[in-house]
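Residue numbers (the numbering used here), protein chains in the order written: chain A, 1103 to 1281; chain R, 85 to 177.
Glycine is no exception: its CB is placed at the ideal position from the N, C-alpha and C atoms.
Since the structure is predicted, the reported quantities are computational estimates derived from the model, not experimental observations.
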């Protein structure tokens, strides 16, 4: 967030001077400055692109919940949980914002679905009935968080011709390497 | 910074800001750059708290995170401090 604040401050203060004066023979014009937008992902899950083993932040913490790894930070991320988003959707919103010629000075959500820790466990129990999944968390019911994603949903649909990945698709894809 | 503050955390916060602005000002000098996208976690807008239903606007900045990150004790380490500031916020409530 600190870097974002710095970036917006720079953007506000330099909007004019970062325009470029273009001089061609017989023609001088000011080229518009670049578009600047920020993208705000919630908890990112889903497949990892890098084939190398390693710790991939929230992806790995979610897998640790799946494996019931002791002393994992995973459960902390769902206590309380807010929204989850597929990494492929996060990527698509970035591409859409980069390519858009009508999006400028916007903060955009990359947010798929509100969820709870026990919802994740339920998806895995259904998808992998042969596996032993940890018992439900005994956390209180999480807060209701409403995010207006209409702008990013529209951008995602225009770019990819599809809606957000479902919670099920995302959390099942998240654990493929741990099977 | 408070006496109990974490100097390493302070340095990370400072470099986060200067590096973003540095990249942006380099882009501003490059006419071929047409579009600039910066990724910033949703925690910079809101954090989930038990008992608080919210509909956070994208006009909000979760500025309470900055003093919180600075208040993490040095022994926690920088990574731990930055990763845990979200949880500290949640668990303080």
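8 Å Cβ shell around residue i - same chain, five flanking residues per side excluded
| i | result |
| --- | --- |
| residue 130/R | 138, 140, 144, 146 |
| residue 1258/A | 1191, 1194, 1195, 1198, 1264, 1265, 1266 |
Start and end residues, alpha helix (DSSP H) containing residue i
| i | result |
| --- | --- |
| residue 1272/A | 1269-1276 |
| residue 1192/A | 1189-1201 |
| residue 1115/A | 1104-1116 |
| residue 1067/A | This structure cannot speak to residue 1067/A, because chain A is shown only from 1103 to 1281. |
Cutoff 7 Å; reference residue i; Cβ partners in own chain excluding five residues on either side
| i | result |
| --- | --- |
| residue 1244/A | 1182, 1183, 1218 |
| residue 1141/A | 1195, 1196, 1199, 1210, 1212 |
| residue 1116/A | none |
| residue 1280/A | 1165, 1168, 1169 |
| residue 122/R | 104 |
Under 9 Å by beta carbon: chain A residues contacting residue i
| i | result |
| --- | --- |
| residue 133/R | 1182, 1245 |
| residue 137/R | 1245, 1246, 1247, 1248 |
| residue 150/R | 1103, 1104, 1107 |
Listed by chain order, chain R residues near residue i by CB distance under 9 Å
| i | result |
| --- | --- |
| residue 1109/A | 101, 104, 105, 107, 108, 120, 122, 124 |
| residue 1242/A | 134, 135 |
Proximal residues of chain R, C-beta to C-beta of residue i below 8 Å
| i | result |
| --- | --- |
| residue 1143/A | 123, 125, 126 |
| residue 1196/A | 121, 123 |
| residue 1284/A | A query on residue 1284/A cannot be resolved here, the shown segment of chain A reaching from 1103 to 1281 and no further. |
| residue 1225/A | Correct list: empty, because the minimum Cβ distance to chain R is about 20 Å. |
| residue 1140/A | 121, 122, 123, 124 |
Below-7 Å beta-carbon distance, residue i vs any chain C residue
| i | result |
| --- | --- |
| residue 95/R | In summary, chain C is missing from the structure at hand, where the protein chains are A and R. |
Three-state secondary structure (DSSP) of residue i
| i | result |
| --- | --- |
| residue 1240/A | coil |
| residue 1252/A | helix |
| residue 104/R | helix |
| residue 1186/A | strand |
| residue 1235/A | coil |
| residue 156/R | coil |
| residue 116/R | coil |
| residue 1225/A | helix |
| residue 96/R | helix |
| residue 1150/A | coil |
| residue 147/R | coil |
Sheet register partners of residue i (DSSP bridge)
| i | result |
| --- | --- |
| residue 1212/A | 1143/A |
| residue 122/R | 1140/A |
| residue 1247/A | 138/R |
Residue i Cβ short of 6 Å to the ligand NAP heavy atom set
| i | result |
| --- | --- |
| residue 1245/A | As far as ligands go, the structure on display features none, and thus does not contain the ligand NAP. |
Within chain A, the residues that residue i reaches when beta carbons sit closer than 8 Å
| i | result |
| --- | --- |
| residue 157/R | None at all; the shortest Cβ gap to chain A is about 18 Å. |
Partner residues on chain R for residue i, Cβ-Cβ distance less than 7 Å
| i | result |
| --- | --- |
| residue 1200/A | 119, 121 |
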